[in-house]
Each structure stands twice: as C-alpha cells, then as structure tokens.
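*Asks:* Got a structure here, written out as structure tokens. Questions coming.
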Amino acid sequence: MSKLTDTVQGLLEPIVIGLGYELFDLQYGREGGRYILRLFIDRPEGIDLNDCEKVSRAVETILDREDCIPHSYYLEVSSPGLERPLKKETDYKRFIGRKVKIRTYAPLEGQRNFKGRLSGYQQGQVQIQVDDGRFLAIPLAQIANARLVFDLAKDEEA
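Residues 54 to 211 in my numbering are what the sequence shown lists, from first letter to last.
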C-alpha cells in the first residue's frame, strides 16, 4: 500500500468497523483518466446495496472533512463479490466447505494451480480437497492468490 492508501485506510477503518462492517480491502488508483477510491466491505451475513449506501455516506463525510486525497476522485463501495479473494487466516476459516481456486508462488507436487474444496485451516496451512480427490496442505505463505469459486449447487443448499 502507498502512504496515501495507508492514511485513508487508517482514517476510514474505524468508521466502517463502527458501522458493523469489515473493511476487507481498499484500492486507490487512476483508471481511464480519473481517480477511483474503492472500498470493499464485508460482514458474515453478506452485503447488500443498502449497506454500501450507508458506508458510502459515512465515509464521504469524513473524506470531505479531512480532505486527505489531493485530487478529485470517484468513491465506490461494494462487497468483495461471489468469487471474493481470500487474504487472511480468518477468510480461510470462514469459508471452509466452499470451492476455491488457489495459485502458489512455487510448484507444489508439480503444479501451481489448484481447484477444490476448502477443508480446513490449521497452523498456517490451508487444507483443500482438490478436484481429483487428493487432500493437500498448502502453507499460507506459499499462496500467491486464492479466491472462492461460485458454486450454484452449494449456495442453493444454504
């Protein structure tokens, strides 16, 4: 993160938490000639449009008052999405039983890309049952990126 995003996150995270949400991620950058500040919020029950509006109104007020972003920008508030990234230990614990895609920094058993069902998280190891039936334990430090895979059948059961 840059100094600016660190400052903005430090300013907004307590506000978002105070409203009952997690500030899952914050991104700031230039796209198509304009600056965009994106906040991704979450909570165990999920996020809807009303949640995004509530957080947007609260953080707009703070951002306008503090004036810590040097140029005009667009503010976007959304959920991490159905195929959200998994970043923290708590993400892996929360989504046990869900389908995931994992990419490692270095090959593990001859491959770097894995798809399967998240079966656990213990002592820094992400445990998955890959689609061919094998169980693997992947050190969290070896994971370059991981995300949920939308599984309509599983979501209909819930």
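Virtual Cβ for every residue (Gly too), placed ideally from N, Cα, C.
All values derive from a computational prediction rather than experimental measurement.
Would DSSP call Ser-109 helix, strand or coil?
*Replies:* Taking the sequence shown and counting its residues from 1, one reaches residue 109 at position 56. Of the three classes helix, strand and coil, the one that applies to Ser-109 here is helix, per DSSP.
*Asks:* Measuring alpha carbon to alpha carbon, tell me which of Gln-178, Glu-84 and Asp-120 ends up nearest Glu-129.
*Replies:* Taking the sequence shown and counting its residues from 1, one reaches residue 129 at position 76. Taking only the C-alpha atoms, the option nearest Glu-129 is Glu-84.
*Asks:* Using the Cα positions of Ala-211 and Ser-125, report the straight-line distance between them to the nearest angstrom.
*Replies:* Residue numbering aside, residue 211 sits at position 158 when the sequence shown is read from its first letter. Residue numbering aside, residue 125 sits at position 72 when the sequence shown is read from its first letter. Note that Ala-211 scores a pLDDT of 46, beneath 50, so its modelled location is shaky; the value from the coordinates is reported in the next line. Their backbone Cα atoms lie some 42 Å apart in a straight line.
*Asks:* Between Arg-96 and Tyr-74, what straight-line distance do the alpha-carbon atoms span, to the nearest angstrom?
*Replies:* Numbered from its first residue, the sequence shown carries residue 96 at position 43. Numbered from its first residue, the sequence shown carries residue 74 at position 21. If I take the Cα positions, the gap works out to 5 Å.
*Asks:* By the three-class DSSP mapping on this structure, what secondary structure does Lys-154 have?
*Replies:* Residue 154 sits at position 101 when you count from the first residue of the sequence shown. If DSSP states are grouped into helix, strand and coil, Lys-154 belongs with the strands.
*Asks:* Out of Leu-171, Asp-185, Val-183 and Arg-91, point me to the one whose CA is closest to Leu-116's CA.
*Replies:* Walking along the sequence shown from the start, residue 116 turns up at place 63. That would be Arg-91, whose Cα lies nearest to the Cα of Leu-116.
*Asks:* Just how far apart, CA to CA, sit Tyr-158 and Lys-168?
*Replies:* As a working note, residue 158 is residue 105 in the sequence shown. As a working note, residue 168 is residue 115 in the sequence shown. Tyr-158 and Lys-168: Cα-Cα distance of roughly 15 Å.
*Asks:* Taking only the alpha-carbon atoms, compute the straight-line gap between Gln-62 and Arg-170 and give it to the nearest angstrom.
*Replies:* In the sequence shown, counting from the first residue as 1, residue 62 sits at position 9. In the sequence shown, counting from the first residue as 1, residue 170 sits at position 117. When rounded, the distance between both Cα atoms is 32 Å.
*Asks:* Locate the beta strand (DSSP E) running through Glu-84, then write down its first and last residues.
*Replies:* Start at 1 with the first residue of the sequence shown, and residue 84 comes out as number 31. Start and end: 75–84.
*Asks:* Taking C-beta to C-beta, are Pro-220 and Arg-200 nearer than 8 Å?
*Replies:* No statement about residue 220 is possible, as the shown extent of the chain runs from 54 to 211 and does not include it.
*Asks:* Identify the residues that DSSP records as bridge partners of Ser-131: which are they?
*Replies:* The residue labelled residue 131 in the question sits at position 78 within the sequence shown. DSSP output for Ser-131 lists Phe-93 as bridge partner(s).
*Asks:* Do you know how far the Cα of Gly-163 is from the Cα of Asp-104?
*Replies:* Looking up residue 104 in the sequence shown gives position 51. Looking up residue 163 in the sequence shown gives position 110. So the two alpha carbons sit approximately 43 Å from each other.
*Asks:* Along the chain, where does the beta strand (DSSP E) that runs through Tyr-145 open and close?
*Replies:* Taking the first residue of the sequence shown as 1, we reach residue 145 at position 92. Element bounds for Tyr-145: not the beta strand (DSSP E) but the alpha helix (DSSP H), 142–147.
*Asks:* Going by alpha carbons, who is nearest to Val-179 out of Arg-165, Ala-194 and Asp-185?
*Replies:* To locate residue 179, count along the sequence shown from 1; it is residue 126. Checking every option, the nearest Cα to that of Val-179 belongs to Ala-194.
*Asks:* Distance, Cα to Cα, Asp-78 vs Glu-66?
*Replies:* Locating residue 78 in the sequence shown gives position 25, counting from the first residue. Locating residue 66 in the sequence shown gives position 13, counting from the first residue. Each residue's alpha carbon lies about 10 Å from the other.
*Asks:* Given a cut-off of 8 Å, decide if Leu-64 and Tyr-81 are closer than it, judged by their beta-carbon atoms.
*Replies:* Counting from one through the sequence shown, the residue named residue 81 turns up at place 28. Counting from one through the sequence shown, the residue named residue 64 turns up at place 11. Cβ distance not < 8 Å, so Tyr-81 and Leu-64 don't count as in contact.
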